[in-house]
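S.K.: In our numbering, each number is its position in the sequence shown, counted from 1, plus 17. C-beta: ideal position from N, C-alpha, C; glycine also.
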Amino acid sequence: MKKYHFKMMAGNANYALIEASRGCDHQCTFCSQWKHWKGKWRTKSPKRIADEMEHLYSEYGSNFLWLTDDNLGSGERIESLCDELIKRDMDDLMWFVQARSDDIIKNKDILPKMRKAGNYWIMAGLERHDTRTLKNFHKTIRTSDAKVSMDLLRENDIFAQATFIIGERQDSHESIEKLREFVNYTDPDLAIFMILTPFPGTKLYDIARANGWIEDTNWANYDMIHAIMPTENLSREEVQEELYKCYRSFYGNVKRRLKGLFSPNPLKGRVYRYMAGRGLLQALGGLF
Ligand code: SF4
């Protein structure tokens, strides 16, 4: 184990990043990660991950660990990791990871163990309300997985974050309104809305270039917040305004804010109070 590597990242910080795997074995058209890692998903063993987490925890006092994996995966490997963590004495350890909604469902029987092992927070790319767009994205999840996965996380007291994408080629005001309704129905604890962005190297970029969809070539704007492409029905400005509308719709909901602020889930409460303290809830609710 290379101690100096961790030292650079952690440096006696409560918060540290750790890689438990690299790449992904799926092939979503908008995603640069699987392309970057040449379509391979390479994982560390559960014992090695637990060793590294324990090292950060005991040597640097890092009790909040962000697993930077693009895709946690499912099954025996995850259960073994949790077993490894539970048998080590790290009572106040918390960790965050990204997972697919279908994998959360596959892992449903081990979610209690994940929570016991310190997994307090999961982010899932739910992306869309419509099967057609999920198919276009080559995102092989079902729209029905969204609500089921968020409910499962909540039932297990795991802070449920979700991401959604607007600006797909056929998007219109109506289709994005349907997405907003879907987000409210799915009801994640925290929602992030992103504009479909053609990152170079992705399949989406090749398609968008070939079709002349790209209107903004300033890489500084390739941040999933700026609209780079219009859709068949919306200008870039309209896509941009739709993004703000998504945030207003989600964070402008007073009941949701109150639920967040007074949540018994320690992370959810903390995140909402942090956002309120910095005026973020108000800013997101009234964006911009
Ligand atoms: S979006 Fe997620 S599931 Fe799809 S290829 Fe990228 S990392 Fe994998």
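Identify the residues that DSSP records as bridge partners of Thr-203: which are they?
M.R.: In the DSSP output, where bridge partners are listed per residue, Thr-203 has none listed.
S.K.: Select from Asp-174, Gln-50, Asp-100 and Lys-57 the residue whose C-alpha is nearest the C-alpha of Pro-283.
M.R.: Asp-174
S.K.: Please go through the same chain and pick out, in chain order, the residues whose beta-carbon is closer than 7 Å to the beta-carbon of Ile-17, but skip the five residues on each side of it.
M.R.: It is not possible to answer for residue 17, since the shown part of the chain is limited to 18 through 305.
S.K.: Which value, in whole angstroms, describes the spacing of the CA atoms of Glu-36 and Glu-69?
M.R.: 9 Å
S.K.: Is it the case that the CB of Asp-87 approaches a heavy atom of ligand 1 more closely than 7 Å?
M.R.: yes
S.K.: So for Lys-24, helix, strand or coil by DSSP?
M.R.: Residue confidence for Lys-24 is low, a pLDDT of 42 falling below 50, so the modelled location carries little weight; the figure read from the coordinates is stated next. Helix at Lys-24.
S.K.: Any contact between the stretch 112 to 124 and the stretch 82 to 93? By contact I mean 3 or more CB pairs, one from each, below 8 Å.
M.R.: yes
S.K.: Under the assumption that Ile-95 contacts Lys-133 (Cβ atoms under 8 Å), give the Cβ distance between them as a whole number of angstroms.
M.R.: Contact flag wrong, Cβ pair sits at about 13 Å.
S.K.: Leaving out the 5 sequence neighbours to the left and right, which residues in its chain are closer than 6 Å to Lys-24 when beta-carbon positions are compared?
M.R.: Because Lys-24 sits at a pLDDT of 42, beneath the cut-off of 50, its placement in the model cannot be relied upon, and the following sentence gives the value as read from the coordinates. Nothing meets the Cβ criterion.
S.K.: Report yes or no: do three or more beta-carbon pairs, one from the stretch 153 to 173 and one from the stretch 199 to 219, lie closer than 8 Å?
M.R.: yes
S.K.: Could you tell me whether the stretch 192 to 208 touches the stretch 232 to 239, where touching means 3 or more Cβ pairs closer than 8 Å?
M.R.: no
S.K.: What's the C-alpha gap between Arg-265 and Leu-298?
M.R.: 10 Å
S.K.: Measuring only from the beta carbon, is Ser-48 closer than 7 Å to any heavy atom that is part of ligand 1?
M.R.: Checking the sequence, you will find Cys at residue 48 rather than Ser. Cys-48: yes, Cβ under 7 Å from ligand 1.
S.K.: If I follow the unbroken beta strand (DSSP E) through Gln-115, where does it start and stop?
M.R.: 111 to 115
S.K.: On the premise that Ala-293 lies in contact with Leu-278, defined as a C-beta separation below 8 Å, what is that separation, rounded to the nearest angstrom?
M.R.: 6 Å
S.K.: Are there 16 or more other CB atoms within 10 angstroms of the CB of Gly-135, so buried, or fewer, so exposed?
M.R.: buried
S.K.: When you compare the CB positions of Leu-170 and Ile-139, do they come within less than 8 Å of one another, or not?
M.R.: yes
S.K.: By the 10 Å Cβ neighbour count, where 16 or more other Cβ atoms means buried, how is His-146 classified, buried or exposed?
M.R.: buried
S.K.: Grab me the residues of Leu-221's own chain with a C-beta within less than 6 Å of its C-beta, minus the 5 sequence neighbours each way, in chain order.
M.R.: Thr-46, Phe-47 and Pro-215
S.K.: Please confirm whether any heavy atom of ligand 1 lies closer than 7 Å to the CB of His-53.
M.R.: His-53 Cβ: outside cutoff for every heavy atom of ligand 1.
S.K.: CA-CA distance, Gly-40 and Ser-49?
M.R.: 10 Å
S.K.: How about Lys-130: is its Cβ closer than 7 Å to a heavy atom in ligand 1?
M.R.: In this structure, the C-beta of Lys-130 stays at least 7 Å away from each heavy atom of ligand 1.
S.K.: Lys-241 to Leu-260, Cα distance in whole Å?
M.R.: Going by the sequence as given, residue 241 is Met instead of Lys. The straight-line gap from Cα to Cα measures roughly 10 Å.
S.K.: Which full runs of the beta strand (DSSP E) of 3+ residues lie inside the stretch 61 to 113, going along the chain?
M.R.: 81 to 84
S.K.: So, with DSSP's three-state summary, where would you put Ile-231?
M.R.: coil
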